[in-house]
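Q:
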Amino acid sequence: MLTCCPSCATHFRVTPAQLKARAGTVRCGQCNFVFNALETLLDEPPSPPAEISPMPTSREETGDVFDIWIGEAETWTDNKVVEPARKHAAKTDAQPEVYPAEPLQDEATAKVRRWPWALGSMIAVLGLLTQATYYYRVELAVLRPDWRSALQAACKPLHCEVPRPRSIDTLGIDTSDLHPEPQHPGHLTLTATLRSKAAYAQEWPLLELTLTDVADHTLAVKHFAAGDYLPRDKDKGQPIEAGFPANGEIAVALPLDVGDLPAVGYRLYVFYP
14 MLTCCPSCAT HFRVTPAQLK ARAGTVRCGQ CNFVFNALET LLDEPPSPPA EISPMPTSRE
74 ETGDVFDIWI GEAETWTDNK VVEPARKHAA KTDAQPEVYP AEPLQDEATA KVRRWPWALG
134 SMIAVLGLLT QATYYYRVEL AVLRPDWRSA LQAACKPLHC EVPRPRSIDT LGIDTSDLHP
194 EPQHPGHLTL TATLRSKAAY AQEWPLLELT LTDVADHTLA VKHFAAGDYL PRDKDKGQPI
254 EAGFPANGEI AVALPLDVGD LPAVGYRLYV FYP
């Protein structure tokens, strides 16, 4: 029996024993493609027909005398008919190259060879997930606030942190004022209302206060962290570790000792370092 490889179109001679061994599954000896030989079985090519010599032709002449041109007819037949027939027979005799079918490897052996690759793939996937979690830990904590504690615990062995996001575009100062303390010369009080328009809690910003004179020249610049401007009353204050609440606001009252600086104006900004 013959079968044909669907990949490289090479013909193979197979035996019933080979087909029965793997339910018809064989491997191409030319391109190593595995296929079902039962689906591509071919009939054995028939033997080339025996060469039949054509009958000699005769030419009939009209009249009382008949001439039979046997020699020329035989010569014409040998040159014009028999020779092409032999060429055709030679082409028919050529058979496709046949490779013996190779039995597949044992299934148990194949499974043993596959499991190290499966284990390696699982380790690679876990490594990629761990790396992605590390690089996007801030975004994950924003999307899933309940994961923050777990992410912080995972960061401790790696000496990393899970900071809150910093969206300066969502922060603003609604109102602010700088007024002197009449009972305490050289002392001023800065009041302001900070607002966050973010839909998530974020880091507390820093405040930058610039004191100016009557000509709007800079006299002093000072920065204040959250621990400096947040209310100290535990009942009214916001815990620093909780961050600036989502869509929240905070009132600031910051006493200042300016000494003898002739400060009459100010500029106030919020920023992240």
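The numbers in our numbering rise by one with no breaks, and the one at position 259 of the sequence shown is 272. For every residue, glycine included, the Cβ atom is placed at its ideal position computed from N, Cα and C. In this text, all values refer to a predicted model and were calculated from it rather than measured experimentally.
1. Under 9 Å between the Cβ atoms of T206 and R280?
2. Only counting the same chain, and skipping five residues up and downstream in sequence, which positions put a Cβ closer than 8 Å to that of P176?
3. Which value, in whole angstroms, describes the spacing of the CA atoms of F257 and L141?
4. Given a cut-off of 9 Å, decide if L153 and L164 are closer than it, judged by their beta-carbon atoms.
5. Please tell me whether A36 and L51 are closer than 9 Å, where the distance is taken between their beta carbons.
6. Which partner residues of F237 appear in the DSSP bridge assignment?
7. Given a cut-off of 9 Å on the beta-carbon distance, is the pair T204 and T188 in contact?
8. Return the chain-ordered list of same chain residues with a C-beta closer than 7 Å to the C-beta of E174, the five sequence neighbours on each side being excluded.
9. Give a yes or no on whether the C-beta atoms belonging to P178 and L219 are separated by under 9 Å.
10. On the premise that A259 lies in contact with S180, defined as a C-beta separation below 8 Å, what is that separation, rounded to the nearest angstrom?
11. Between G261 and D182, what straight-line distance do the alpha-carbon atoms span, to the nearest angstrom?
12. So F48 and P29 are in contact, right, with Cβ under 8 Å, and what is the actual spacing, rounded?
13. Where does the unbroken alpha helix (DSSP H) through S315 begin, and where does it stop?
14. Helix, strand or coil: how does DSSP classify Y148 here?
15. Over what stretch of residues does the beta strand (DSSP E) that includes A205 continue unbroken?
A: On the basis of the supplied data:
1. Residue numbering aside, residue 206 sits at position 193 when the sequence shown is read from its first letter. Residue numbering aside, residue 280 sits at position 267 when the sequence shown is read from its first letter. Taking 9 Å as the Cβ cut-off, T206 and R280 do not qualify as a contacting pair.
2. Here residue 176 is taken as the residue at index 163 of the sequence shown, counted from 1. The residues are V151 and E216.
3. Here the question's residue 257 lines up with position 244 in the sequence shown. Here the question's residue 141 lines up with position 128 in the sequence shown. Distance between the alpha carbons of F257 and L141: 32 Å.
4. The residue you call residue 164 lines up with position 151 of the sequence shown. The residue you call residue 153 lines up with position 140 of the sequence shown. Yes, Cβ-Cβ distance for L164 and L153 is below 9 Å.
5. For the purposes of this step, residue 36 is taken as the residue at position 23 of the sequence shown. For the purposes of this step, residue 51 is taken as the residue at position 38 of the sequence shown. Their beta carbons are under 9 Å apart, which means A36 touches L51 by this criterion.
6. Position 224 of the sequence shown, counted from the first residue, corresponds to residue 237. According to DSSP, F237 bridges with L220.
7. As a first step, residue 204 must be located in the sequence shown, where it is residue number 191. As a first step, residue 188 must be located in the sequence shown, where it is residue number 175. Yes, the Cβ-Cβ distance between T204 and T188 is below 9 Å.
8. Your numbering for residue 174 matches position 161 in the sequence shown. Hits under 7 Å: C168.
9. By 1-based counting over the sequence shown, the position of residue 178 is 165. By 1-based counting over the sequence shown, the position of residue 219 is 206. Their beta carbons are not under 9 Å apart, which means P178 does not touch L219 by this criterion.
10. For the purposes of this step, residue 180 is taken as the residue at position 167 of the sequence shown. For the purposes of this step, residue 259 is taken as the residue at position 246 of the sequence shown. S180 to A259, Cβ: 11 Å. No contact.
11. By one-based count along the sequence shown, residue 261 stands at place 248. By one-based count along the sequence shown, residue 182 stands at place 169. Their Cα atoms are separated by approximately 14 Å.
12. Stepping through the sequence shown from its first residue, residue 48 is reached at position 35. Stepping through the sequence shown from its first residue, residue 29 is reached at position 16. With a Cβ gap of about 17 Å, F48 and P29 do not count as contacting.
13. A question about residue 315 goes unanswered here, because the residues of the chain that appear run from 14 up to 286.
14. Along the sequence shown, read from residue 1 onward, the residue named residue 148 stands at position 135. Of the three classes helix, strand and coil, the one that applies to Y148 here is helix, per DSSP.
15. Reading the sequence shown from its first residue, position 192 is the one you call residue 205. Note, A205: beta strand (DSSP E), H200 to S209.
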